[in-house]
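Colleague: The structure under discussion is supplied below as C-alpha cells; questions concerning it will follow.
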Amino acid sequence: MHAYYLLVVLKKLKIMYSKKFEIRWSDLDANRHLANSAFINFMSHTRMGFLMENGFGQKQLSHYNLGPIVFYEHIYYFKEIFAGEPVTVTLELSALSEDGMYFEFIHKIYDHKGRNCATCEMMGSWIDLEERKLTTLPDKLFQQLNNTPKTEDFRTLTKEDTRKYGKRPHDLSADEVKNL
Numbered sequence: 134m135h136a137y138y139l140l141v142v143l144k145k146l147k148i149m150y151s152k153k154f155e156i157r158w159s160d161l162d163a164n165r166h167l168a169n170s171a172f173i174n175f176m177s178h179t180r181m182g183f184l185m186e187n188g189f190g191q192k193q194l195s196h197y198n199l200g201p202i203v204f205y206e207h208i209y210y211f212k213e214i215f216a217g218e219p220v221t222v223t224l225e226l227s228a229l230s231e232d233g234m235y236f237e238f239i240h241k242i243y244d245h246k247g248r249n250c251a252t253c254e255m256m257g258s259w260i261d262l263e264e265r266k267l268t269t270l271p272d273k274l275f276q277q278l279n280n281t282p283k284t285e286d287f288r289t290l291t292k293e294d295t296r297k298y299g300k301r302p303h304d305l306s307a308d309e310v311k312n313l
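With the first letter of the sequence shown counted as 1, position 149 gets the number 282 in my numbering; the numbers rise by one all the way through.
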C-alpha cells in the first residue's frame with residue numbers, strides 16, 4: 134500500500150492526529166527548501182490544533198488557569214522538502230507522567246508521497262498562569278490527554294526524564310553582564 138494512503142487510513146482509524154500544510158514561499162530558506170523555523174511552526178500548529186480539538190482550547194485552559202509550555206523540541210531531518218507539494222504533520226503521545234504534569238509528543242513530517250522527511254520529539258508541561266509554576270492536570274483534562282493516540286513505545290514520564298540531557302541554566306555574573 135502506498136505510504137500516503139496508509140496515512141489516510143491511519144487518520145480515519147484515529148490512530149494518530151494529523152494536519153496537512155501547503156508550503157509557502159515564506160516557508161523556504163536560502164537553500165530553497167523548507168526552513169528550520171517552518172518545521173517548528175508546522176509542528177506547533179499541529180499541536181495547538183490537536184489540543185484545541187481535544188478539549189484544551191482557550192476556554193478550557195482559561196477555566197483551569199493553565200498554559201502549555203515547551204521544554205525542548207529535538208528535530209531529526211531525513212529528506213529535504215521543497216515548495217509545490219503539501220506535507221502532513223502527525224502527532225502521537227510518546228510519554229505522559231502519572232499526574233499529567235509532563236508530556237512528550239512525537240511529530241513526523243511526511244511529504245506528499247508518504248516519505249518521512251523529519252521526526253521531532255517535543256517535551257512539555259503545564260504551567261499555572263497565576264502562580265507561574267508547573268502544575269498537574271485536572272483529572273478531566275488528564276483523561277482526555279491520556280486517551281490520545283500513543284506511540285508503540287509509550288512510557289511513563291518522571292521528573293528526572295525532564296533533565297535527561299543534563300542541561301541547566303548558567304547565569305552571567307554582574308561583571309560578565311557589564312562586559313557584554
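Positions of the beta carbon are idealized from the N, C-alpha and C atoms, including for glycine.
Mapping DSSP to helix, strand and coil, what is residue 301?
Modeller: In this structure, residue 301 counts as coil in the three-state DSSP scheme.
Colleague: What is the rounded straight-line gap between the Cα of residue 198 and the Cα of residue 204?
Modeller: Each residue's alpha carbon lies about 19 Å from the other.
Colleague: Could you give the distance in angstroms between the alpha-carbon of residue 249 and the alpha-carbon of residue 286?
Modeller: In a straight line, the C-alpha of residue 249 is about 18 Å away from that of residue 286.
Colleague: What does residue 240 pair with, by DSSP beta-bridge criteria?
Modeller: DSSP, once it has assigned bridges, lists 224, 253 as partnering residue 240.
Colleague: Are the Cβ atoms of residue 207 and residue 254 separated by less than 7 Å?
Modeller: Yes, the Cβ-Cβ distance between residue 207 and residue 254 is below 7 Å.
Colleague: Quick one, which of 151, 171, 278 has its alpha-carbon nearest residue 159's?
Modeller: Considering only alpha carbons, the answer is 171.
Colleague: Could you tell me which whole beta strand (DSSP E) segments of length 3 or greater appear in the stretch 165 to 233?
Modeller: For the stretch 165 to 233, whole beta strand (DSSP E) runs of length 3 or above, ordered along the chain, are 199 to 210, 220 to 230.
Colleague: Which one or two residues does DSSP pair with residue 261 in a beta bridge?
Modeller: Note: residue 261 sits in a beta bridge opposite 199, 266.
Colleague: Let me know if residue 216 comes out buried or exposed under the rule of 16 or more other beta-carbons within 10 Å of its beta-carbon.
Modeller: With fewer than 16 other Cβ atoms within 10 Å, it is exposed.
Colleague: Pick from 279, 299, 296, 252: whose alpha carbon is nearest that of residue 228?
Modeller: Here the closest residue by C-alpha is 279.
Colleague: Report the rounded CA-to-CA distance for residue 289 versus residue 164, giving the unit in angstroms.
Modeller: One C-alpha to the other measures close to 40 Å.
Colleague: Is the CB-CB distance between residue 226 and residue 273 below 7 Å?
Modeller: Contact: no.
Colleague: Using only the alpha-carbon positions, how far apart do residue 192 and residue 155 sit?
Modeller: About 29 Å.
Colleague: With DSSP run on the structure shown, which of helix, strand or coil describes residue 152?
Modeller: Strand at residue 152.
Colleague: Since residue 290 is in the alpha helix (DSSP H), which residue starts that stretch and which ends it?
Modeller: Looking at the DSSP string, residue 290 is not in any alpha helix (DSSP H); the run it does join, the beta strand (DSSP E), is 283 to 290.
Colleague: Between which two residues does the alpha helix (DSSP H) carrying residue 311 extend?
Modeller: Per DSSP, residue 311 belongs to the alpha helix (DSSP H) from 307 to 311.
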